[in-house]
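K.L.:
Below is one structure. I have some questions about it.
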Amino acid sequence: MSIPRYRARHGRRTAHRTGERHHPGPPRLGTAGRAARPAPPRPRGRRRRLVRDRPGTGRIYAPDLRGHGRSDWPGDYAYATLRDDVHALLGALGIARADVVGHSLGGAVAYLLAQHSPHLVRRLVLKDVPAPFPLDPPRPLAERPGRDLSYDWAMILATDRQRNAPDPVWWDHMGRITMPTLLIGGGPASPIPQKQIAAFAELLPDARRITIDAGHLVHEARPEEFLVAVEEFLSPADRTPS
Numbered sequence: 130m131s132i133p134r135y136r137a138r139h140g141r142r143t144a145h146r147t148g149e150r151h152h153p154g155p156p157r158l159g160t161a162g163r164a165a166r167p168a169p170p171r172p173r174g175r176r177r178r179l180v181r182d183r184p185g186t187g188r189i190y191a192p193d194l195r196g197h198g199r200s201d202w203p204g205d206y207a208y209a210t211l212r213d214d215v216h217a218l219l220g221a222l223g224i225a226r227a228d229v230v231g232h233s234l235g236g237a238v239a240y241l242l243a244q245h246s247p248h249l250v251r252r253l254v255l256k257d258v259p260a261p262f263p264l265d266p267p268r269p270l271a272e273r274p275g276r277d278l279s280y281d282w283a284m285i286l287a288t289d290r291q292r293n294a295p296d297p298v299w300w301d302h303m304g305r306i307t308m309p310t311l312l313i314g315g316g317p318a319s320p321i322p323q324k325q326i327a328a329f330a331e332l333l334p335d336a337r338r339i340t341i342d343a344g345h346l347v348h349e350a351r352p353e354e355f356l357v358a359v360e361e362f363l364s365p366a367d368r369t370p371s
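Position one of the sequence shown corresponds to residue 130 (my numbering), numbered consecutively onward.
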């Protein structure tokens, strides 16, 4: 894993780590779930060999979303603002187009980026990402854990409010996501209703859906199966021309 680097937008810093370049393939951006630190951009052991043996694997970038880790904790955690941070990071890094892989909250940020700036996203992978439907009943107010946190508790409260009552435009604009998209569901053990992932598959013009029966943290519980599915989806042999 590289030492965290920082990029600023409107005076706010976004930290990111960068993996080694295995081959001159398209860059990849991974956006982690809520209250999580990004996975190391440099895979280890068997996972490292799986990536290394794929000739299209480019450099991997793993940002800390605002309110997480070494990025700033400014108190403004609108989903659109998180999206704009990622957009600005790609611009600062000089990345014109990338494959984007997002989990949970990071997946919501990824699909908002794909809606807003589809030219930036070559292929999209959404890992157990809930559809932006209002929660009924609403998610109750969370209680702060009694320990030091690696994320801003205000971010938890702000994203819960948006999860309870998402902006209807997010769903209305799903048709703008025209790039190939892989939807990975965690199966019945996941707290995310899998019928929501099926709803994504029906709405997105170029989507394929798979289930890895591992619960919400698919990439942690079944890392090799997850990585093989993602690598096959992003492999050059399966790409449409740029």
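Using N, Cα and C, we set each Cβ at its ideal position, and we do this for glycine too.
If you're wondering where the values come from, they're calculated on a predicted model, not measured in any experiment.
Grab me the residues of G315's own chain with a C-beta within less than 6 Å of its C-beta, minus the 5 sequence neighbours each way, in chain order.
P.N.:
Stepping through the sequence shown from its first residue, residue 315 is reached at position 186. D257, A343, G344, H345 and V347.
K.L.:
Cβ atoms of V250 and Y208: under 8 Å apart, would you say?
P.N.:
Here residue 208 is taken as the residue at index 79 of the sequence shown, counted from 1. Here residue 250 is taken as the residue at index 121 of the sequence shown, counted from 1. No, these two residues do not count as a Cβ contact at 8 Å.
K.L.:
Given a threshold of 16 other Cβ atoms within 10 Å of its Cβ, counted over all protein chains shown, does V298 qualify as buried or as exposed?
P.N.:
Start at 1 with the first residue of the sequence shown, and residue 298 comes out as number 169. That one is exposed.
K.L.:
Examine the Cβ distances between the stretch 322 to 341 and the stretch 298 to 314 and report whether three or more of them are shorter than 8 Å.
P.N.:
With the cut-off at 8 Å, the stretch 322 to 341 and the stretch 298 to 314 touch.
K.L.:
Can you give me the C-alpha to C-alpha distance between E331 and P269, rounded to a whole angstrom?
P.N.:
Residue numbering aside, residue 331 sits at position 202 when the sequence shown is read from its first letter. Residue numbering aside, residue 269 sits at position 140 when the sequence shown is read from its first letter. Each residue's alpha carbon lies about 30 Å from the other.
K.L.:
Between the C-alpha atoms of D296 and L333, what's the straight-line distance to the nearest angstrom?
P.N.:
The count along the sequence shown starts at 1 and reaches residue 296 at position 167. The count along the sequence shown starts at 1 and reaches residue 333 at position 204. Whole-angstrom Cα-Cα distance: 18 Å.
K.L.:
Expressed to the nearest angstrom, what Euclidean distance is found between the alpha-carbon atoms of T143 and K324?
P.N.:
Position 14 of the sequence shown holds residue 143. Position 195 of the sequence shown holds residue 324. Approximately 34 Å, taken between the alpha carbons.
K.L.:
For M308, collect the residues of the same chain with a Cβ closer than 8 Å to its Cβ; drop the 5 residues on either side in sequence, then sort them by chain order.
P.N.:
As a first step, residue 308 is located in the sequence shown; it is residue number 179 there, counting from the start. Excluding positions up to five away in sequence, the list reads A243, P247, V250, R251, R252, L253 and D335.
K.L.:
Do you know how far the Cα of G235 is from the Cα of L158?
P.N.:
Indexing the sequence shown from 1 puts residue 158 at position 29. Indexing the sequence shown from 1 puts residue 235 at position 106. So the two alpha carbons sit approximately 11 Å from each other.
K.L.:
Could you round the C-beta distance between R195 and R273 to whole angstroms and report it? I think they count as a contact, below 8 Å.
P.N.:
Reading the sequence shown from its first residue, position 66 is the one you call residue 195. Reading the sequence shown from its first residue, position 144 is the one you call residue 273. Contact flag wrong, Cβ pair sits at about 19 Å.
K.L.:
For the beta strand (DSSP E) that T307 lies in, which residues bound it at each end?
P.N.:
As a first step, residue 307 is located in the sequence shown; it is residue number 178 there, counting from the start. Here T307 belongs to no beta strand (DSSP E), and DSSP marks it neither H nor E.
K.L.:
Since I285 and A164 are thought to touch, with beta carbons under 8 Å apart, how far apart are those beta carbons, to the nearest angstrom?
P.N.:
For this step, residue 285 is matched to residue 156 along the sequence shown. For this step, residue 164 is matched to residue 35 along the sequence shown. Between A164 and I285 the Cβ distance is about 7 Å, and since that is below 8 Å, they are a contact.
K.L.:
In or out: A358 buried (at least 16 other Cβ within 10 Å) or exposed?
P.N.:
Residue mapping note: residue 358 aligns to position 229 of the sequence shown, counting from 1. By the 10 Å Cβ count, A358 comes out buried.
K.L.:
Residues in its own chain within less than 8 Å of R212 by CB, not counting five upstream and five downstream?
P.N.:
What you label residue 212 is simply residue 83 of the sequence shown in a count that begins at 1. Correct list, in chain order: V238, L241, L242 and H245.
K.L.:
Tell me whether the beta-carbon of G187 lies closer than 8 Å to the beta-carbon of G154.
P.N.:
Against the sequence shown, residue 187 aligns to sequence position 58. Against the sequence shown, residue 154 aligns to sequence position 25. Contact flag set, yes.
K.L.:
Since H248 is in the alpha helix (DSSP H), which residue starts that stretch and which ends it?
P.N.:
Position 119 of the sequence shown, counted from the first residue, corresponds to residue 248. Per DSSP, H248 belongs to no alpha helix (DSSP H) and is neither H nor E.
K.L.:
Mapping the DSSP letters down to three states, classify Y190 as helix, strand or coil.
P.N.:
Along the sequence shown, read from residue 1 onward, the residue named residue 190 stands at position 61. Y190: strand per DSSP, three-state reduction.
K.L.:
Considering just the uninterrupted stretch of the alpha helix (DSSP H) at R212, what are its terminal residues?
P.N.:
Position 83 of the sequence shown, counting from 1, holds the residue named residue 212. It spans Y208 to A221 - the alpha helix (DSSP H) in which R212 sits, taken as one unbroken run.
K.L.:
Bridge partners of D228, per DSSP?
P.N.:
Position 99 of the sequence shown, counted from the start, is the residue given in the question as residue 228. Answer is R157.
K.L.:
Shortest alpha-carbon distance to G216 belongs to which of L356, G275, S279 and R138?
P.N.:
Reading the sequence shown from its first residue, position 87 is the one you call residue 216. Note on residue identity: the sequence assigns His, not Gly, to residue 216. Taking only the C-alpha atoms, the option nearest H216 is R138.
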